[in-house]
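Asker: Just so you know, full-length UniProt numbering puts the end of the sequence shown at 664, numbered straight through with nothing missing.
All C-beta atoms, glycine included, are put in the ideal place defined by N, C-alpha and C.
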Amino acid sequence: YLYHNYLTGQLPQSLGKLTRLKELNLSGNSFEGSIPLDWGNLKSLKQLDLSNNQILGPIPSTLGKLTNLKQLDLSFNQITGAIPYEIGNMKNLVALDLSKNRLNGLIHSSISYLSRLRYLYLDSNFLEGPLPQVVENLKDLRCLNLSNNQLIGPIPSQIGDCSILQELSLSNNRIIGSIPFEVLVCPFHILDLSHNFIEGEIPHQFGIMVTISILDLSHNKLRGMIPKSLRPKEKVNLSYNFLEGPIPHYLSGFPPDSFRGNKHLCGKIPSFSRCASTPSNKVIISRIVIPIVGFLALLSMGFLLYFRCRVENHTFKSNVTKNGDLFSILNFDGRIAFQDIINATEDFDNRYWIGTGGYGSVYRAHLPCGKIVAVKKLNHREAEIITFEKSFKNEAKLLSEIRHKNIIKLHGFCLHNHCMFLIYEYMARGSLFCVLENDIEAVELDWIKRVKIIKDTSCALSYLHHDCHPPMVHRDISSNNILLNSNHDACVSDFGTARFLDPDSSNQTMLVGTYGYIAPELAYTMVVNEKCDVYSFGVLALQTLMGKHPGGLLVSLSTSYSKNIMLSDILDPRLSLPSDQRVAKDIAFVATIAFACLRLNPKFRPTMKCVSQEFLSRKRLVTNRLQAISLLQLKEHDMYLDDKGKIQAQDSGEDGEIHAISST
Numbered sequence: 001y002l003y004h005n006y007l008t009g010q011l012p013q014s015l016g017k018l019t020r021l022k023e024l025n026l027s028g029n030s031f032e033g034s035i036p037l038d039w040g041n042l043k044s045l046k047q048l049d050l051s052n053n054q055i056l057g058p059i060p061s062t063l064g065k066l067t068n069l070k071q072l073d074l075s076f077n078q079i080t081g082a083i084p085y086e087i088g089n090m091k092n093l094v095a096l097d098l099s100k101n102r103l104n105g106l107i108h109s110s111i112s113y114l115s116r117l118r119y120l121y122l123d124s125n126f127l128e129g130p131l132p133q134v135v136e137n138l139k140d141l142r143c144l145n146l147s148n149n150q151l152i153g154p155i156p157s158q159i160g161d162c163s164i165l166q167e168l169s170l171s172n173n174r175i176i177g178s179i180p181f182e183v184l185v186c187p188f189h190i191l192d193l194s195h196n197f198i199e200g201e202i203p204h205q206f207g208i209m210v211t212i213s214i215l216d217l218s219h220n221k222l223r224g225m226i227p228k229s230l231r232p233k234e235k236v237n238l239s240y241n242f243l244e245g246p247i248p249h250y251l252s253g254f255p256p257d258s259f260r261g262n263k264h265l266c267g268k269i270p271s272f273s274r275c276a277s278t279p280s281n282k283v284i285i286s287r288i289v290i291p292i293v294g295f296l297a298l299l300s301m302g303f304l305l306y307f308r309c310r311v312e313n314h315t316f317k318s319n320v321t322k323n324g325d326l327f328s329i330l331n332f333d334g335r336i337a338f339q340d341i342i343n344a345t346e347d348f349d350n351r352y353w354i355g356t357g358g359y360g361s362v363y364r365a366h367l368p369c370g371k372i373v374a375v376k377k378l379n380h381r382e383a384e385i386i387t388f389e390k391s392f393k394n395e396a397k398l399l400s401e402i403r404h405k406n407i408i409k410l411h412g413f414c415l416h417n418h419c420m421f422l423i424y425e426y427m428a429r430g431s432l433f434c435v436l437e438n439d440i441e442a443v444e445l446d447w448i449k450r451v452k453i454i455k456d457t458s459c460a461l462s463y464l465h466h467d468c469h470p471p472m473v474h475r476d477i478s479s480n481n482i483l484l485n486s487n488h489d490a491c492v493s494d495f496g497t498a499r500f501l502d503p504d505s506s507n508q509t510m511l512v513g514t515y516g517y518i519a520p521e522l523a524y525t526m527v528v529n530e531k532c533d534v535y536s537f538g539v540l541a542l543q544t545l546m547g548k549h550p551g552g553l554l555v556s557l558s559t560s561y562s563k564n565i566m567l568s569d570i571l572d573p574r575l576s577l578p579s580d581q582r583v584a585k586d587i588a589f590v591a592t593i594a595f596a597c598l599r600l601n602p603k604f605r606p607t608m609k610c611v612s613q614e615f616l617s618r619k620r621l622v623t624n625r626l627q628a629i630s631l632l633q634l635k636e637h638d639m640y641l642d643d644k645g646k647i648q649a650q651d652s653g654e655d656g657e658i659h660a661i662s663s664t
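1) Only counting runs of 4 or more residues, tell me where the alpha helix (DSSP H) segments fall wholly within the stretch 419–461, in order along the chain.
2) Return yes when the Cβ of Ser493 is within less than 7 Å of the Cβ of Ile408, no when it is not.
3) Count the other C-beta atoms from every protein chain shown that fall within 10 angstroms of the C-beta of Met526, then say buried if there are 16 or more, exposed otherwise.
4) So is His4 buried or exposed if we call it buried at 16+ other beta carbons inside 10 Å?
5) For Tyr1, tell me which candidate among Gly105, Lys17, Asn262, Leu24 has the shortest Cα-Cα distance.
6) How would you call Ser576, buried or exposed, if buried means at least 16 neighbouring beta carbons within 10 angstroms?
7) Going by DSSP, name the residue or residues bridged to Tyr103.
8) Is it the case that the Cβ atoms of Cys459 and Gly538 are separated by a distance below 7 Å?
9) So is residue 723 buried or exposed if we call it buried at 16+ other beta carbons inside 10 Å?
10) Starting from Leu56, follow the alpha helix (DSSP H) in both directions and report where the run begins and ends.
11) Check this for me: beta carbons of Glu199 and Ser178, under 7 Å apart or not?
12) For Arg625 and Asn564, what's the separation of their Cα atoms in angstroms?
13) Does the Cβ-Cβ distance between Leu50 and Leu74 come in under 7 Å?
14) Residue 669: which of Tyr113, Ile155, Glu128, Leu410 sits nearest, CA to CA?
15) Put Val183 into one of helix, strand or coil per three-state DSSP.
16) To the nearest angstrom, how far is it from the Cα of Thr278 to the Cα of Ser110?
17) Alpha carbon to alpha carbon, what distance is there between Lys263 and Pro520?
18) On the CB-based measure, 16 or more other CB atoms within 10 Å of its CB, does Glu530 come out buried or exposed?
19) Taking 7 Å as the cut-off, decide whether the C-beta atoms of Leu45 and Leu15 are in contact.
20) From Arg403 to Cys419, what does the alpha carbon distance come to, in whole angstroms?
21) Using 7 Å as the threshold, is the C-beta distance between Ile55 and Ile83 below it?
22) According to DSSP, is Glu234 helix, strand or coil?
23) Could you check whether Leu144 and Leu120 sit closer than 7 Å to each other, using their CB atoms as the reference points?
24) From Phe413 to His466, what distance separates their C-alpha atoms?
25) Please classify His4: does DSSP put it in a helix, a strand, or coil?
26) With burial defined as no fewer than 16 other Cβ atoms inside 10 Å of the residue's Cβ, what is the status of Ala490: buried or exposed?
27) Could you tell me the boundaries of the beta strand (DSSP E) in which Ser30 lies?
28) Going by CA-CA distance only, name the one from Glu234, Pro270, Lys233 that's closest to Ile247.
29) Taking C-beta to C-beta, are Leu103 and Leu131 nearer than 7 Å?
30) On a Cα-Cα basis, can you pick out the residue from Leu436, Gly81, Leu367 that is closest to His411?
31) Are there 16 or more other CB atoms within 10 angstroms of the CB of Phe604, so buried, or fewer, so exposed?
32) Taking only heavy atoms of the ligand NAP into account, decide whether any of them is closer than 6 Å to the Cβ of Tyr352.
33) Is it right to say Val611 is buried, meaning 16 or more other beta carbons lie within 10 angstroms of its own, or is it exposed?
34) Do Asn101 and Asn77 count as a contact pair if the criterion is CB distance below 7 Å?
35) For Leu69 and His474, I'd like the C-alpha separation in whole angstroms.
36) Could you spell out the range, first to last residue, of the beta strand (DSSP E) harbouring Lys376?
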């Protein structure tokens, strides 16, 4: 068991020789690279947990040889490709978790061979095709989560054959058709079919589901009346459908949000009209009362929006004026902006989804004025978690107070309890991580562009650390949080965990950030300062030069082996070494800066102001050939801060290959 440490590098191929090993848990580290093929030799293995790392590449088919395996957890990685057919050979598998990866393709029928499977989590991938009918053979299945994929078609009635299935989540797919009553014989505790295209009526057979605690059918196309037999115990969400008629009395204890977006529902719930007792009363209500209620509702909404804008203008101070921009912070028109966003995304339809942040889902919205924006929406489940809601509001507040060309621009926000979203400038190329992962885009990202991205990031961090009062630390600098526009200009994003530093406080903090980028001292001091961001910047700079996370390299640097590694050996092999001497100098300069930022003692790391000034000064290391510079030379290069706060670097003494950096 080596879980939840700071282990880095490639997954050791040599572990494949431990043929008697029964349990292997490397979760919660920063391992990278692909799963070794030789691990298929671990035939005694019963548990394999590699979750929460940075593992890339496909799932090797050789894992199908692990026929004694009972638990396989590869969740929260960057695994790509299809689910291998050979996974069906793991006949003893009880729990399979491949969630939160980048898997694509179909869900193989071979999964039906896993007759002992109880827990199947494939959510948050890019799986496509019809919903699998193979689950009918999984008689012991208790939890099935296929949410947040691109699955299409109707719900298979064969799910009803899983007679002890307690949790089913198919949300955020492209499911069509009606809810088959056959599935309602399952003893569900949780049933989530939200954010799909399900039609028809809610089956009255829901009345036989006496165990149901949480039911979410929101954001579909359901019609008709709510069955009186529908009685979830803890939570119900039927919002944004086409339901009509009275809300059953025993559901009146749930919040109004549970039924919002159904224009023709009525009942004894705030914001809903009372139901008529006779047909004649319905006519009277429809002709007289509803217009009055509507007028009063609009009037109330007007007062609410006016008051809210007053409050937000007081809370989120900004010097920005409208000047024709629909989403200016100071003059933000909550009503108009809200409707434009809803229309542009068709109420946050999956077709407009472009990714996820540290929290919330991000959508692309093309507004009537021609402007394209990115909208980060906090979903209902996240909104119920206090830390997510706090981060969301924190990001809105901080981004309203800062302005820099290399920090993502916040155009507007909606912080209503029922719908929370932030409106950003749209960055067409997405995150630096995704660009580096795509071979075509990575080649387009040449050395000049990569150096500029690092420079842009250093300028943003210098602004946060030295030009904001009090100073601000980001706390989650990673390649996922560096966004690129169409010209490859970089912007720092995702300020949910950022905070101002208090000079009168100890600045102690919880451990936040992305594995592989967190400064090592945070693990034992729990005190945050600017040097924590400096360390993360060093990791990011190396990753940009290498084309991948430098986890394994950071380990090698602590050994004498680093003197045998040349700078040219670690550069992204998808790009040719630069022929232009000026570009070669820039690369050597960035590498030197990166190693200085990665020093274990934070006192010896440069400040971001010094780093940014060095980029602007355009004074570089002088080198004849990149192939002649070793990492040990760069690592031991005597870079420090002089009395004037500027970076100085002395000759390494290696035959003149590396000379001084000096801004004085």
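Answerer: Based on what the coordinates show:
1) For the stretch 419–461, whole alpha helix (DSSP H) runs of length 4 or above, ordered along the chain, are 432–437, 439–444.
2) Judged by their CB atoms, Ile408 and Ser493 are nearer to each other than the 7 Å cut-off.
3) So Met526 ends up on the exposed side.
4) By the beta-carbon neighbour count (other beta carbons within 10 angstroms, threshold 16), His4 is exposed.
5) The residue among Gly105, Lys17, Asn262, Leu24 with its C-alpha nearest the C-alpha of Tyr1 is Leu24.
6) Exposed, because fewer than 16 other Cβ atoms sit within 10 Å of the Cβ of Ser576.
7) For the sequence presented, residue 103 should be read as Leu rather than Tyr. Gly81, per the DSSP bridge assignment.
8) Result no, Cβ atoms of Cys459 and Gly538 do not sit closer than 7 Å.
9) Outside the shown range of the chain (1 to 664) lies residue 723, about which nothing can therefore be said.
10) Secondary structure note for Leu56: it is in no alpha helix (DSSP H), with a DSSP letter that is neither H nor E.
11) With contacts defined by Cβ atoms closer than 7 Å, Glu199 and Ser178 form a contacting pair.
12) Roughly 16 Å separates the two Cα atoms.
13) For Leu50 and Leu74, yes; Cβs fall inside 7 Å.
14) The displayed coordinates of the chain run from 1 to 664. Any statement about residue 669 would go beyond what the structure contains.
15) The answer is helix: DSSP assigns Val183 an H, G or I state.
16) Confidence at Thr278 is low in this model, with a pLDDT of 48, below 50, so the placement of that residue should be treated as unreliable; the coordinate-derived value is given next. Their backbone Cα atoms lie some 57 Å apart in a straight line.
17) Going by the C-alpha atoms only, they are around 54 Å apart.
18) Burial check for Glu530: the Cβ neighbour count within 10 Å reaches 16 or more, so the residue is buried.
19) Cβ distance not < 7 Å, so Leu45 and Leu15 don't count as in contact.
20) Approximately 26 Å, taken between the alpha carbons.
21) Cβ distance not < 7 Å, so Ile55 and Ile83 don't count as in contact.
22) In the three-state scheme derived from DSSP, where H, G and I count as helix and E and B as strand, Glu234 is classed as coil.
23) The answer is yes: Cβ separation under 7 Å.
24) CA-to-CA, the gap between Phe413 and His466 works out to about 27 Å.
25) Residue state for His4 is assigned as coil, using DSSP reduced to three classes.
26) Sixteen is the threshold: when 16 or more other Cβ atoms of the shown chains lie within 10 Å of the Cβ of Ala490, as they do, the residue is buried.
27) Boundaries of the beta strand (DSSP E) harbouring Ser30: 30–33, taken from the DSSP string.
28) The shortest Cα separation from Ile247 among Glu234, Pro270, Lys233 belongs to Pro270.
29) Between Leu103 and Leu131, the C-beta gap is not smaller than 7 Å, which leaves the two residues out of contact.
30) For the options Leu436, Gly81, Leu367, the alpha carbon positioned closest to that of His411 is the one of Leu367.
31) Residue environment analysis places Phe604 among the exposed positions, since fewer than 16 neighbouring C-beta atoms fall within 10 angstroms of its C-beta.
32) Summarising the ligand content, the structure contains no ligands, and the ligand NAP is consequently not present.
33) By the 10 Å Cβ count, Val611 comes out buried.
34) In this structure, Asn77 sits near Asn101, with a CB-CB distance shorter than 7 Å.
35) Those two C-alpha atoms are separated by around 41 Å.
36) Counting along the chain, the beta strand (DSSP E) containing Lys376 begins and ends at 372–378.
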